[in-house]
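See below for the structure under consideration.
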Amino acid sequence: PPGREAYPGDVFYLHSRLLERSVKLREEFGIVPKDTPAESRDRSLARKHPQGLEAPAEHRPDDVHGLFHRPHGKEKAEAWLATLDDKDKYKVHRYPDTGGSMTALPIIETLEGEVSAYIPT
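All residue numbers for the sequence shown refer to my numbering, where the first residue is 15 and numbers rise by one.
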């Protein structure tokens, strides 16, 4: 918060780090040309929906860049791909710098030396 330092180990520091990491947990998908390498991170290759954010809900992209990333992002991307006339030229691509595992969150050590970890259930 403003006017307060956040030191490693205190709750404000830990909260900000967890928020930063949570962004990396979101998976992003796009419709890209079939020859796009699996390791490609170039979001400019994603085909944009002609109707943009006004597209029908079942295949509406989640942002203006034509990416899908909400809970059903992959399914929505696949639904839109199925409607394309030239669908054999494209594929659904998951960007490798997105997604992750909740187990990738750090182990937390408090100022008192106590150690805790987030264990997903």
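A virtual CB, placed ideally from N, CA and C, is assigned to each residue, including glycine.
For residue i, which of helix, strand or coil comes out of DSSP?
{"i": "tyrosine 27", "result": "helix"}
{"i": "isoleucine 133", "result": "Confidence at isoleucine 133 is low in this model, with a pLDDT of 49, below 50, so the placement of that residue is unreliable and no value is reported for it."}
{"i": "alanine 96", "result": "helix"}
{"i": "proline 15", "result": "Residue confidence is low: proline 15 scores 49 on pLDDT, short of 50, so the model does not pin down where it sits. Its coordinate-derived value is still stated next. Coil at proline 15, not helix or strand."}
Can you check DSSP and say which residues form a bridge with residue i?
{"i": "valine 106", "result": "Ile45"}
With distance defined between alpha-carbon atoms, name the residue in the options nearest to residue i.
{"i": "threonine 97", "options": "Pro70, His83, His79 and Pro85", "result": "Pro70"}
{"i": "proline 64", "options": "Trp94, Lys88 and Asp56", "result": "Trp94"}
{"i": "lysine 103", "options": "Ser54, Arg55, Val25 and Ala60", "result": "Ala60"}
{"i": "tyrosine 109", "options": "Leu32, Pro51, Tyr27 and Arg31", "result": "Pro51"}
{"i": "valine 46", "options": "Ala91, Phe26, Leu33 and Asp76", "result": "Ala91"}
Exercise. Any chance the segment 79–86 sits against the segment 40–47, with 3 or more Cβ pairs inside 8 Å?
Worked result: yes
Exercise. Can you list, in chain order, the stretches of the alpha helix (DSSP H) that have 4 or more residues and sit fully within the segment 55–93?
Worked result: none
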